[in-house]
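A.B. asks: One structure follows; several queries about it will come next.
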Amino acid sequence: AQKVTQAQTEISVVEKEDVTLDCVYETRDTTYYLFWYKQPPSGELVFLIRRNSFDEQNEISGRYSWNFQKSTSSFNFTITASQVVDSAVYFCALSDPSNTGNQFYFGTGTSLTVIP
Amino acid sequence: SAVISQKPSRDICQRGTSLTIQCQVDSQVTMMFWYRQQPGQSLTLIATANQGSEATYESGFVIDKFPISRPNLTFSTLTVSNMSPEDSSIYLCSVGSGPPEQYFGPGTRLTVT
Chain U
94 AQKVTQAQTE ISVVEKEDVT LDCVYETRDT TYYLFWYKQP PSGELVFLIR
144 RNSFDEQNEI SGRYSWNFQK STSSFNFTIT ASQVVDSAVY FCALSDPSNT
194 GNQFYFGTGT SLTVIP
Chain P
2 SAVISQKPSR DICQRGTSLT IQCQVDSQVT MMFWYRQQPG QSLTLIATAN
52 QGSEATYESG FVIDKFPISR PNLTFSTLTV SNMSPEDSSI YLCSVGSGPP
102 EQYFGPGTRL TVT
């Protein structure tokens, strides 16, 4: 069965600190996609990144970076030099279209608070 | 990416009434999805709506409670029927196109009193 676990429910950091949000997933498929979304207080889900299971290269986008490790079934998200605007709930999600079409499986989210 | 709008953005409704939420996309899409996010919780898929066919509901969700329409490739509605306080949630519409991508609307915040 497909499952996404975000063990960190809430994290607080002081501005300019680095923070890593953990995501562990389960799937039996060899072809799947992993995602991160940001949900600010306004409620809208903002797409951050998608990775497919065949691409384990880490990715960096500005202050954001992602570490995908199939060996540990993890897809962790690091924010460098955090800012107050990073305060939001972050969701990790899994999709395996060969098995369940376009259905997404979301983790329970990590609420990040950046303290000025 | 698709631009998605939802109406209303928020509403406060009385127990026993129904609310219809609209989702409009700026481009034609095959698959549209409706999610529910209860307070402090993750997203739960309610149903998948494909144009020209009946919506496919996930376990725990039934058509009588959450009827869905999909009259064309850019529009869908979700009705929350006979509401109770437990229906207080954010309802999100999303659209997908393969390879799997899903873009979400801004959500509808529903409070049932």
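Protein chains in written order, with the working numbering: chain U, 94 to 209; chain P, 2 to 114. Ideal Cβ positions, reconstructed from N, Cα and C, are used throughout, including at glycine.
With Tyr-36 (chain P) and Thr-45 (chain P) assumed to form a contact (beta carbons below 8 Å), what rounded beta-carbon distance in angstroms separates them?
C.D. replies: For the purposes of this step, residue 36 (chain P) is taken as the residue at position 35 of the second sequence. For the purposes of this step, residue 45 (chain P) is taken as the residue at position 44 of the second sequence. The pair is a contact, with the Cβ atoms about 6 Å apart (cut-off 8 Å).
A.B. asks: So, helix, strand or coil for Lys-163 (chain U), using DSSP?
C.D. replies: Within the first sequence, residue 163 (chain U) is the residue found at index 70, counting from 1. Residue state, collapsed to three classes: helix.
A.B. asks: Answer with buried or exposed for Ala-50 (chain P), where buried requires no fewer than 16 other C-beta atoms within 10 angstroms of its C-beta.
C.D. replies: Along the second sequence, read from residue 1 onward, the residue named residue 50 (chain P) stands at position 49. Per the 10 Å Cβ criterion, buried.
A.B. asks: Using only alpha-carbon positions, find the residue among U:Leu-187, U:Phe-170, U:Phe-199, U:Tyr-198 that is nearest to Leu-205 (chain U).
C.D. replies: As a first step, residue 205 (chain U) must be located in the first sequence, where it is residue number 112. Out of U:Leu-187, U:Phe-170, U:Phe-199, U:Tyr-198, U:Phe-170 has the C-alpha closest to the C-alpha of Leu-205 (chain U).
A.B. asks: Tell me which same chain residues have a C-beta within less than 8 Å of the C-beta of Tyr-212 (chain U), skipping the five on either side of it?
C.D. replies: For chain U, the structure presents residues 94 to 209; residue 212 (chain U) sits outside this window and is missing.
A.B. asks: I'd like to know if the stretch 102–114 of chain P and the stretch 7–23 of chain P are in contact, where contact means that at least 3 CB-CB pairs between them fall below 8 Å.
C.D. replies: Touching, yes, given that three or more Cβ pairs across the two stretches are closer than 8 Å.
A.B. asks: Suppose you measure from the CA of Gln-95 (chain U) to the CA of Phe-199 (chain U); what does that come to, to the nearest Å?
C.D. replies: Against the first sequence, residue 95 (chain U) aligns to sequence position 2. Against the first sequence, residue 199 (chain U) aligns to sequence position 106. Answer to the nearest angstrom: the Cα atoms are 10 Å apart.
A.B. asks: Reducing DSSP to helix, strand and coil, say where Pro-209 (chain U) ends up.
C.D. replies: For the purposes of this step, residue 209 (chain U) is taken as the residue at position 116 of the first sequence. Three-state result, Pro-209 (chain U): coil.
A.B. asks: Under 8 Å: do the stretch 69–88 of chain P and the stretch 172–182 of chain U share three or more Cβ pairs, one atom per stretch?
C.D. replies: no
A.B. asks: Excluding five sequence neighbours on each side, which residues of the same chain lie with their C-beta closer than 8 Å to the C-beta of Cys-116 (chain U)?
C.D. replies: What you label residue 116 (chain U) is simply residue 23 of the first sequence in a count that begins at 1. Val-97, Thr-98, Gln-99, Leu-127, Trp-129, Ser-167, Phe-168, Asn-169, Phe-170, Cys-185, Gly-200, listed in sequence order.
A.B. asks: Could you give the DSSP three-state label for Glu-103 (chain U): helix, strand or coil?
C.D. replies: Here residue 103 (chain U) is taken as the residue at index 10 of the first sequence, counted from 1. Strand.
A.B. asks: Below 9 Å between beta carbons: does that hold for Pro-72 (chain P) and Gln-42 (chain P)?
C.D. replies: Your numbering for residue 72 (chain P) matches position 71 in the second sequence. Your numbering for residue 42 (chain P) matches position 41 in the second sequence. No; because the gap between Cβ atoms is not below 9 Å, this pair is not in contact.
A.B. asks: Whose CA, out of U:Thr-203, U:Gly-155, U:Gln-150, lies closest to the CA of Gln-162 (chain U)?
C.D. replies: Your numbering for residue 162 (chain U) matches position 69 in the first sequence. Nearest C-alpha to Gln-162 (chain U): U:Gln-150.
A.B. asks: What would DSSP say about Val-178 (chain U), mapped onto helix, strand or coil?
C.D. replies: Translated into positions along the first sequence, residue 178 (chain U) becomes position 85. In the structure shown, Val-178 (chain U) sits in a helix (DSSP, three-state: H, G or I).
A.B. asks: CA-CA distance, Phe-62 (chain P) and Ile-47 (chain P)?
C.D. replies: Sequence index remark: in the second sequence, residue 62 (chain P) carries index 61 (1-based). Sequence index remark: in the second sequence, residue 47 (chain P) carries index 46 (1-based). Looking at the two C-alpha atoms, the distance is approximately 6 Å.
A.B. asks: Using 10 angstroms around the beta-carbon of Asp-88 (chain P), count the other beta-carbons present and answer buried if the total reaches 16, otherwise exposed.
C.D. replies: Here residue 88 (chain P) refers to the residue found at position 87 of the second sequence. The residue is buried, with at least 16 neighbouring Cβ atoms inside 10 Å.
A.B. asks: What residues in its chain sit with their C-beta under 7 Å from that of Glu-108 (chain U), if we drop five residues either side in the sequence?
C.D. replies: The count along the first sequence starts at 1 and reaches residue 108 (chain U) at position 15. Answer for Glu-108 (chain U): Ser-175, Gln-176, Val-177, Val-207, Ile-208, Pro-209, listed in chain order.
A.B. asks: State the beta-bridge partners of Val-139 (chain U) as determined by DSSP.
C.D. replies: For the purposes of this step, residue 139 (chain U) is taken as residue 46 along the first sequence, with counting starting at 1. Per DSSP, U:Lys-131.
A.B. asks: Which chain U residues sit within Cβ distance under 9 Å of Cys-62 (chain P)?
C.D. replies: Counting from one through the second sequence, the residue named residue 62 (chain P) turns up at place 61. Position check: residue 62 (chain P) holds Phe in this sequence, whereas Cys was assumed. The premise fails here: Phe-62 (chain P) is roughly 13 Å from chain U at the closest Cβ pair, so nothing lies under 9 Å.
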